[in-house]
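First comes the structure, then the notes that go with it.
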Amino acid sequence: MANAVLRSAGDLLAVDVLELELDLQHVDVPRYLVNKRLKLKFRMNGVTYLKSKARKAVTDGDHCRVNLDIAGGVVFEGGTSLDFELCRVRFWGPSKTLASCKVPLDLALQSINVGSNQARVWNLTLWAAGAPDKALGSLMAEVCARTLKAHVAVSIAALRSLAVPRRPRVLGNDSAARLIAIEWACRTFASRAAEARQRLREALDAALEDDALLGGGPKGAPPRSARESPGAAH
């Protein structure tokens with residue numbers, strides 16, 4: 344059983360994945376949001392992968408700005424867009440989404456040299472919640488993407504939408520009942536790991552189905568806003 348679990352984990356971590364590196368720098372917002380506690384979330388397929396700490400918007404020259412100072416790498420597990428949400432933090436209850444921007448995945452990858460460590464600068468318009476024609480803010484971010492083995496990019500526990508249970512531990516002095524439970528846990532882990540491996544493969548294939556992306560073809564300009572990026576819902 345232990346060997347089967349190790350094989351399943353090894354097979355999952357050996358799969359090729361698409362990793363997105365994001366450096367979320369700052370958001371410019373209207374002056375009426377000065378001193379309001381705001382944070383930014385990066386989401387894919389309804390799952391939050393990165394979020395900044397709550398910070399107050401402060402005046403910076405001609406701007407009212409929230410410095411985010413958050414960066415990280417995330418594995419693409421599926422979805423059709425990269426979603427950015429500006430939220431106001433409340434003392435009670437969940438945060439409230441003030442504005443958002445959805446960048447279609449194909450449009451995002453067309454602006455990036457997949458495999459290059461050189462990031463592209465994005466200046467994304469955040470559209471007000473409930474008023475999709477109103478630009479509420481502007482997000483400055485740097486983004487790059489590359490393909491690599493899963494074990495280089497992420498641990499099994501760090502997968503979000505493709506959650507895999509913790510690897511069961513097999514001890515030499517386990518009782519018969521405990522061994523039955525462990526066998527069930529091992530089978531569950533192997534099944535979930537195989538499913539996650541297959542879905543990661545499908546996610547990578549779907550993201551890079553355009554031969555131009557794999558071949559390093561010409562790249563378009565970085566997306567700026569929903570209006571300038573056809574199909575980027577807001």
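Going by the numbering used here, 411 is the number at position 68 of the sequence shown; the sequence numbering is gapless. In this text, a Cβ means the ideal position worked out from N, Cα and C, and glycines have one as well. Values in this document were obtained by computation on a predicted structure and should not be read as measured data.
Simplified DSSP state of residue i, which is helix, strand or coil
{"i": "D426", "result": "strand"}
{"i": "A400", "result": "strand"}
{"i": "G353", "result": "helix"}
{"i": "A533", "result": "helix"}
{"i": "D476", "result": "coil"}
{"i": "V360", "result": "strand"}
{"i": "L365", "result": "strand"}
{"i": "A550", "result": "helix"}
{"i": "P435", "result": "For the record, residue 435 in the displayed sequence is Trp; it is not Pro. If DSSP states are grouped into helix, strand and coil, W435 belongs with coil."}
{"i": "T440", "result": "strand"}
{"i": "D449", "result": "helix"}
{"i": "L502", "result": "coil"}
{"i": "E420", "result": "coil"}
{"i": "A576", "result": "Unreliable placement is indicated for A576, whose pLDDT of 40 sits below 50; the coordinate value is still reported in the next sentence. Here A576 sits in coil by DSSP."}
{"i": "A462", "result": "coil"}
{"i": "I525", "result": "helix"}
{"i": "V457", "result": "coil"}
Integer Cβ distance of residue i from residue j, believed to fall under 8 Å
{"i": "R386", "j": "Y392", "result": "7 Å"}
{"i": "V395", "j": "K379", "result": "For clarity, residue 395 is Ser in the given sequence; the question names Val instead. Actually they do not touch by this definition, with Cβ atoms about 14 Å apart."}
{"i": "V417", "j": "R408", "result": "That pair is no contact at about 25 Å."}
{"i": "V457", "j": "R489", "result": "6 Å"}
{"i": "L411", "j": "Q453", "result": "The pair is not a contact, with the Cβ atoms about 25 Å apart (cut-off 8 Å)."}
{"i": "L448", "j": "A550", "result": "6 Å"}
{"i": "C487", "j": "E364", "result": "5 Å"}
Buried or exposed by the 16-neighbour rule on C-beta atoms within 10 Å, applied to residue i
{"i": "A484", "result": "buried"}
{"i": "R544", "result": "exposed"}
{"i": "H577", "result": "Its pLDDT being 41, under 50, H577 is placed unreliably in this model, and the value from its coordinates should be taken loosely. Answer is buried; the Cβ neighbour count reaches 16."}
{"i": "W465", "result": "buried"}
{"i": "E420", "result": "buried"}
{"i": "L349", "result": "exposed"}
{"i": "D405", "result": "exposed"}
{"i": "K492", "result": "exposed"}
{"i": "V360", "result": "buried"}
{"i": "A524", "result": "exposed"}
{"i": "S534", "result": "exposed"}
{"i": "D554", "result": "For D554, the predicted structure reports a pLDDT of 34, less than 50, and the residue's modelled location is therefore unreliable. A value from the coordinates is still provided. Looking at its Cβ environment, which holds fewer than 16 other Cβ atoms inside 10 Å, D554 is exposed."}
{"i": "A414", "result": "exposed"}
{"i": "S351", "result": "buried"}
{"i": "D426", "result": "buried"}
{"i": "G480", "result": "buried"}
{"i": "Q541", "result": "exposed"}
{"i": "T531", "result": "exposed"}
{"i": "K477", "result": "exposed"}
Does the stretch 471-480 come within contact of the stretch 349-368, defined as at least 3 CB pairs closer than 8 Å?
Verdict: no, contact absent.
Meets three-Cβ-pair contact criterion under 8 Å: the stretch 365-380 and the stretch 488-497:
Between the stretch 365-380 and the stretch 488-497, the count of Cβ pairs shorter than 8 Å is below three; the stretches do not touch.
Assess, as a yes-or-no matter, whether the stretch 455-465 is touched by the stretch 428-442 under the definition of 3 or more beta carbon pairs within less than 8 Å.
Using a C-beta cut-off of 8 Å, the stretch 428-442 makes no contact with the stretch 455-465, since fewer than three inter-stretch Cβ pairs fall below that distance.
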